[in-house]
Amino acid sequence: TMMRAISLVGVAWLGAAFVAPRREAGVGQVHAEVVTTEAVEVPVGADAAAVIVGQGRIGGLLSSLNEGDAVMTRTSGWPADAPGEGPIYVCTRNDALDAVIEATPAERREDLVFLQNGMLGPYLETKGLADCTQGLVYFAVSKLGEKPTDGVTDLNPEGLTTATGKWAEAFRARLAKAGLRCHVATGDDFTRAMLEKHVWICAFMLVGAANGGVTVGDVERLHRQQLADLVDELVNAGQTALQVDLAPGYLDRLCAYARAVSHFPTAVKEFPWRNGWFYKLTLNAIQQGKDDPLPMHTALLYEIHPDFPLNL
Numbered sequence: 008t009m010m011r012a013i014s015l016v017g018v019a020w021l022g023a024a025f026v027a028p029r030r031e032a033g034v035g036q037v038h039a040e041v042v043t044t045e046a047v048e049v050p051v052g053a054d055a056a057a058v059i060v061g062q063g064r065i066g067g068l069l070s071s072l073n074e075g076d077a078v079m080t081r082t083s084g085w086p087a088d089a090p091g092e093g094p095i096y097v098c099t100r101n102d103a104l105d106a107v108i109e110a111t112p113a114e115r116r117e118d119l120v121f122l123q124n125g126m127l128g129p130y131l132e133t134k135g136l137a138d139c140t141q142g143l144v145y146f147a148v149s150k151l152g153e154k155p156t157d158g159v160t161d162l163n164p165e166g167l168t169t170a171t172g173k174w175a176e177a178f179r180a181r182l183a184k185a186g187l188r189c190h191v192a193t194g195d196d197f198t199r200a201m202l203e204k205h206v207w208i209c210a211f212m213l214v215g216a217a218n219g220g221v222t223v224g225d226v227e228r229l230h231r232q233q234l235a236d237l238v239d240e241l242v243n244a245g246q247t248a249l250q251v252d253l254a255p256g257y258l259d260r261l262c263a264y265a266r267a268v269s270h271f272p273t274a275v276k277e278f279p280w281r282n283g284w285f286y287k288l289t290l291n292a293i294q295q296g297k298d299d300p301l302p303m304h305t306a307l308l309y310e311i312h313p314d315f316p317l318n319l
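Each residue of the sequence shown is one higher than the last, beginning at 8 in my numbering.
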């Protein structure tokens, strides 16, 4: 049966590439239609000289905001001019994280700041880095060197970007120099913010891909009921897994952000980091003889990718 197939082959599939027909823009490739309307106060003395890993749109932005930083690239290795202390902003794709961690001196790894999409917690735990700083990025840089756009929404004009950990305040101060808002959260407050963003990217990308790769805006306008059903399913499973409860109104908040980035294309990608986290909840339940807690999510994965192992 389909559920038996999940238990037999799902784990192996989780590490494989899973790409829907259309490519989603990377971190920062969001065409937001909102603008910052109020000045953002820069916390005095909170910013710190840093190592910037990667010089794409986000890495380039962070580098441009401070003169005392060192830069690390895929080929450079650990920079000789790296500050003796301070944050190490990792502005790379998820598939580069192993190499970044390996290239970082062991005594400095607690200073790593991870800014990637996806549920990073399980991965960081395997690396002994669960307490490292993490950032949930809601701002965008459409092209290298261009001015960033903050992902504020009509329901969250105070902004949505959130950070936690040792260097969260430094990250907030760095972003404030560019007029970007950032909240600092701890414990369950950050977990809630992380789950909400994770549900956003997993739900909107999957519904969009299942409807021909339409934009995020079209998902919100044309496929609202399908989206709402999937969001509820993901939220319920995520809350149970993480033992937190999202504040009421989460669907409205997710849709407000979609309106702010309405031209964002949709695709299911970086599967182990994104939808794969929910898929693992399915695997765990089936392997324990329980019903799939995410039947809609599972069905949509099968729908957009006929070769997905669910049909074996």
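For glycine and all other residues, C-beta sits at the position ideal for the given N, C-alpha and C.
The Cβ-Cβ distance between Thr169 and Leu182 does not fall below 8 Å. Between the alpha carbons of Glu277 and Lys204 lies a distance of about 15 Å.
Looking at the DSSP output, Ile59 shares a beta bridge with Val78 and Tyr96. Per DSSP, reduced to three states, the secondary structure at Val191 is strand.
Pairwise C-beta distances place the stretch 243-250 in contact with the stretch 183-202, as three or more of them are shorter than 8 Å. Here DSSP, grouped into helix, strand and coil, assigns Phe271 to coil.
Per DSSP, Leu104 lies in no beta strand (DSSP E) segment; the continuous alpha helix (DSSP H) that holds it begins and ends at Leu104 to Ala110.
In this structure, Trp207 places its C-beta atom within 8 Å of the C-beta atom of Leu261. In this structure the stretch 222-231 does not touch the stretch 292-311; the number of beta carbon pairs closer than 8 Å is below three. Here DSSP, grouped into helix, strand and coil, assigns Gly158 to coil.
When DSSP states are grouped into helix, strand and coil, Gln123 belongs to the coil group. Straight through space, the alpha carbons of Tyr145 and Pro86 are spaced by roughly 28 Å. Nearest to Ala216 by alpha-carbon distance, out of Glu176, Ala274 and Phe178, is Ala274. Taking 8 Å as the cut-off, the beta carbon of Gly125 is found closer than this to the beta carbon of Asn101. Shown here, Ala87 sits in coil according to DSSP, grouped into three states, outside any helix or strand. Secondary structure of Leu143 (DSSP, three-state): strand. In this structure, the straight-line span from the alpha carbon of Asp259 to that of Asp157 is close to 19 Å. Judged by DSSP in its simplified three-state form, Ala254 adopts coil rather than helix or strand. Checking the DSSP bridge columns, you'll see Ala170 partnered with Gly142 and Val191.
Taking C-alpha positions only, Glu109 is separated from Gln233 by approximately 42 Å.
Listed in chain order, the non-local C-beta contacts of Ala244 below 7 Å within the same chain comprise Phe285, Leu288, Pro300 and Leu301, local neighbours out to five positions each way being set aside. Ala292: member of the alpha helix (DSSP H) spanning Asn282 to Gln294, first to last residue.
Its Cα nearest to that of Arg179, the residue Leu122 stands out among Leu122, Gly128, Gly194 and Leu213. Shortest Cα-Cα distance from Arg281 to any of Pro313, Tyr130 and Ala185 involves Tyr130. In this structure, the straight-line span from the alpha carbon of Ala77 to that of Ala306 is close to 46 Å.
The criterion of a C-beta distance shorter than 8 Å is not satisfied by Gly152 and Val159.
Annotated three-state conformation of Asn101 is helix, per DSSP. Apart from sequence neighbours up to five positions away, no residue of its chain approaches His312 with a beta-carbon distance below 6 Å.
DSSP, reduced to helix, strand and coil, places Gly220 outside both helices and strands of the structure shown, so it counts as coil.
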